[in-house]
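Position one of the sequence shown corresponds to residue 55 (this note's numbering), numbered consecutively onward.
All residues carry an ideal CB built from backbone N, CA and C; glycine is no exception.
Here is the structure we will look at.
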Amino acid sequence: MINNNVDMCSLLNEFFSSVFTHENVHDVLPEVDNTYKGDQENKLQDIVITPILVRKYLEKLKPNKSPAEDGFGSTLFREIAQVVDAPLCLLFRQSFVDGEVPLDWRRANITAIFKSGSRKDPSNYRPVSLTVQACKVMESILRDFIVEHLCKFDLIKDTQHGFVRGRSCLSNLLTFLECVREYVDKGVPVDVVYLDFRKAFDKVPHHRLMMKVRAHGIDGSVAKWIENWLKNREQRVVLNGECSNWNRVLSGVPQGSVLGPLLFVIYINDMDGTVVNRLLKFADDSKLFGPVSNITEIDSIRQDLKTLFDWSEDWLMLFNIEKCKVVHFGANNPKCTYSMNNVVLGVVEEERDLGILVQSNLKVSSQCAKVAKTANKILGMIKRSFSSRDSNTIVSLYKALVRPHLEYCVQAWRPYFKKDIELLEGVQHRATKIIEGLERMSYEQRLSSLGLTTLETRRIRGDLIEVFKIFKAYENVDYCEFFELSENNLRGHSCKLFKKRVKTNIGKYSFSNRVVELWNNLPEDVVSCNNVVSFKVKIDHLFKNDWGFI
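Shown next, in the form of structure tokens:
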């Protein structure tokens, strides 16, 4: 057991430093796909920074973020934005023109965030970099220019759902589960391989990364600044006021930075270039899946795994094979074995995927039990910590701390068994019963008094909002993956959906099937809304009139 903070700092710093990749730029480098197909003039080579732009980003800083080595937090910069916008603009311009990033911008205090397992094992901690706020503003400006360039030329593959506009954990899970459920409903078995990189963000080799950045049409002063921002970085672990020595960073993009995640997305953008089966990514979380109804399809997945492993060796981004898992879906699944680098991958009945539990039978009982348990723990904490029982306090705490756990990506795992629905509803039942003066009311009376609705009604509302986002392209996914427009539009609105025939409850209660009747029954003026806000207002109005309060 380690009791000394200094010893713990040194141990963590030593471990975090040991995971870096030692890249030899004189090695034979793999060939880079020229992702960018535009002309030289349309490459992103320069950006224009103005005081107004700097102030805009200063005012967008999230308040109360921890300060870095310089001691200046985000709240201070927000409050003095109108005073420092011009000086910072001059500093950013000079840094950008010279291609030189100040040393203190390349230094980071590391906060070790515990993940799971033994607290004595350094590998169970995630190193999050606390960097200088001024540098974060510069990174934010640069990031948005890069994102605009990537979107303009459609350079990021559709398989990536992380740190991409119009994509999210929900879009990833919906796309994945809809595809798997459709196969299983038709009686086709599916195998999914969950892939895990070994210390993904810390392993990115800088020289190879810059090759890929330039292959995406990012060159000139922009690429020069990024290269210098990555070069000669230093970090130290800080724990309870104690600091380790500074250590040189040899590879990786800093977790906790603004540019880091986007650069990582660029780096792994081509990993699925020649993969035959479907691959979905959310930053470093990847999964390969496809039908396995015959030996040809099984061999196809095996070949894709070999292709991915070869890519990981070429680009020094090795997989943590021990943590790569296989899930077999479908009643008639042959349950074949898969391997990477001659190591057989483990098989599990349940896997955590972007925060939700996915079971091999595609039921959601485990997920419901998990979120109900978490929500009840937080509800208990609220009861113990707050003496006030007035409605405003309890409802505000419930909405901020408890309900988000019950509704995270729920469109992808919405329960349909009565026991699961009641399990989740029970959390809100207990939350409303805490409020002083409402103890003897019925559950429905308490909801009416507080202006709340049942969680099931909120899930219906959430489904409709998600359909609207997909149709109106607020979600950057192809609506054809989920829906088929009805040819019979004699009655109702002009965007009616065709209800497909399904064989199982898995198909019946899938997102693309359960929303059809609700969506088709909406009035024309609701479906034809121009934005999400107005759609929500009109949906809420409908719910108040027909289905209770929202």
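- Distance CB(Arg-468)-CB(Arg-513) smaller than 7 Å: yes
- Message: So, at 6 Å on beta carbons, what are the nonlocal neighbours of Asn-530 in its own chain, with the 5 sequence-adjacent residues on each side left out?
- Response: Gly-220, Arg-221
- Does the Cβ of Trp-300 have 16 or more other Cβ atoms within 10 Å, making it buried, or fewer, making it exposed? exposed
- Item | Per-residue DSSP class, three states only, for Met-55 | The predicted model places Met-55 with a pLDDT of 39, which falls under 50 and marks its position as unreliable; any figure quoted below should be read in that light. Coil, per DSSP.
- Could you spell out where the beta strand (DSSP E) holding Ser-342 opens and where it closes? Going by the sequence as given, residue 342 is Leu instead of Ser. Counting along the chain, the beta strand (DSSP E) containing Leu-342 begins and ends at 339-345.
- Report the three-state DSSP secondary structure of Ser-64 (helix, strand or coil). When DSSP states are grouped into helix, strand and coil, Ser-64 belongs to the helix group.
- Looking at C-alpha atoms only, which residue of Ala-466, Lys-598, Val-587, Met-495 is the closest neighbour of Val-569? Of the candidates Ala-466, Lys-598, Val-587, Met-495, the residue whose Cα lies closest to the Cα of Val-569 is Ala-466.
- Query: Excluding five sequence neighbours on each side, which residues of the same chain lie with their C-beta closer than 7 Å to the C-beta of Ile-604?
  - Reply: Unreliable positioning characterises Ile-604 in this predicted model, as indicated by a pLDDT of 38, which lies under 50. The coordinate reading is nonetheless provided below. Excluding sequence neighbours, Ile-604 sits near Thr-507, Arg-515, Asp-594, Phe-597, Lys-598.
- Check whether the Cβ atoms of Ser-540 and Lys-550 sit closer than 7 Å, and answer yes or no. yes
- Message: For a test of the three-state rule: what should DSSP assign to Ala-45, helix, strand or coil?
- Response: Nothing can be reported for residue 45: it is not among the residues displayed for the chain, which extend from 55 to 604.
- Starting from Tyr-179 and walking both ways along the beta strand (DSSP E), at which residues does that stretch end? 179-184
- Item | Assigned secondary structure, Ser-496 (DSSP; H/G/I helix, E/B strand, else coil) | It is coil, neither helix nor strand.
- Query: By the 10 Å Cβ neighbour count, where 16 or more other Cβ atoms means buried, how is Ile-56 classified, buried or exposed?
  - Reply: With a pLDDT of 45 at Ile-56, under the threshold of 50, the modelled position of this residue cannot be trusted, and the question is left open.
- Item | Pairwise C-alpha distance: His-483 and Lys-437 | 14 Å
- Whole beta strand (DSSP E) elements within the stretch 323-406, 3-residue minimum: Along the stretch 323-406, the beta strand (DSSP E) occurs as fully enclosed runs of 3 or more residues at 332-336, 339-345, 379-383, listed in sequence order.
- Message: Does the structure place the stretch 187-196 close enough to the stretch 300-314 that three or more beta carbon pairs sit under 8 Å?
- Response: yes
- Kindly give me the distance between the Cβ atoms of Trp-101 and Val-276, rounded to whole angstroms, as I take these residues to be in contact under 8 Å. In the sequence on display, residue 101 carries Ile and not Trp. Indeed they touch by this definition, with Cβ atoms about 7 Å apart.
- Item | Buried versus exposed, by CB contacts within 10 Å (16 or more), Val-587 | Counting other Cβ atoms within 10 Å of its Cβ, Val-587 stays below 16 and is therefore classed as exposed.
- Query: Sorted by chain position, which residues of the same chain lie with C-beta nearer than 8 Å to Gly-127's C-beta, five sequence neighbours on each side aside?
  - Reply: Asn-118, Lys-119, Ser-120, Pro-121, Gln-187
- Query: How about the stretch 173-187 and the stretch 132-143: do they share at least three Cβ pairs that are nearer than 8 Å?
  - Reply: no
- Message: Just to confirm before moving on: does the CB-CB distance between Ser-298 and Val-307 stay below 7 Å?
- Response: Judged by their CB atoms, Ser-298 and Val-307 are not nearer to each other than the 7 Å cut-off.
- Since Arg-287 sits in a beta bridge, which residues does DSSP pair it with? Val-303
- Task: Under the assumption that Leu-372 contacts Met-325 (Cβ atoms under 8 Å), give the Cβ distance between them as a whole number of angstroms.
- Result: Not really, about 12 Å apart at Cβ, beyond 8 Å.
- Message: Taking the straight line between their C-alpha atoms, what separation do you get for Val-401 and Gly-274?
- Response: 47 Å
- Query: What are the residues that DSSP puts in a beta bridge with Phe-207?
  - Reply: Answer is none; Phe-207 lacks a bridge partner.
- Do Val-556 and Asn-574 have their C-beta atoms closer together than 7 Å? no
- Message: Under DSSP, the beta strand (DSSP E) around Asp-245 begins and ends at which residues?
- Response: 244-249
- Is DSSP giving Cys-297 helix, strand or coil here? strand
- Query: My guess is that Lys-91 and Thr-213 are in contact by the Cβ rule of under 8 Å, so how many angstroms apart are they, rounded?
  - Reply: Beta-carbon to beta-carbon, Lys-91 and Thr-213 are separated by about 19 Å, too far to satisfy the 8 Å threshold.
- Item | Anticipated Cβ contact below 8 Å, Phe-471 with Asp-517, distance rounded | Wrong, their Cβ atoms sit about 17 Å apart, outside the cutoff.
- Kindly indicate the opening and closing residues of the beta strand (DSSP E) around Val-412. 410-413
- Item | CB-CB length for Cys-143 against Pro-105, believed under 8 Å | Rounded, the Cβ-Cβ distance is 5 Å, consistent with contact.
- Quick one: residues in its chain with C-beta nearer than 7 Å to the C-beta of Gln-413, no 5 flanking neighbours on either side, listed in chain order? Glu-403, Glu-404, Ser-420
- Task: Round the Cβ separation of Asp-358 and Asn-331 to the nearest angstrom and send it over; I've been treating them as touching at under 8 Å.
- Result: 5 Å
- Closest by C-alpha distance to Tyr-248, when choosing among Leu-204, Lys-116, Leu-408: Leu-408
- Message: Suppose contacts are defined by Cβ-Cβ distances below 7 Å. Is Arg-197 in contact with Leu-115 by that definition?
- Response: no
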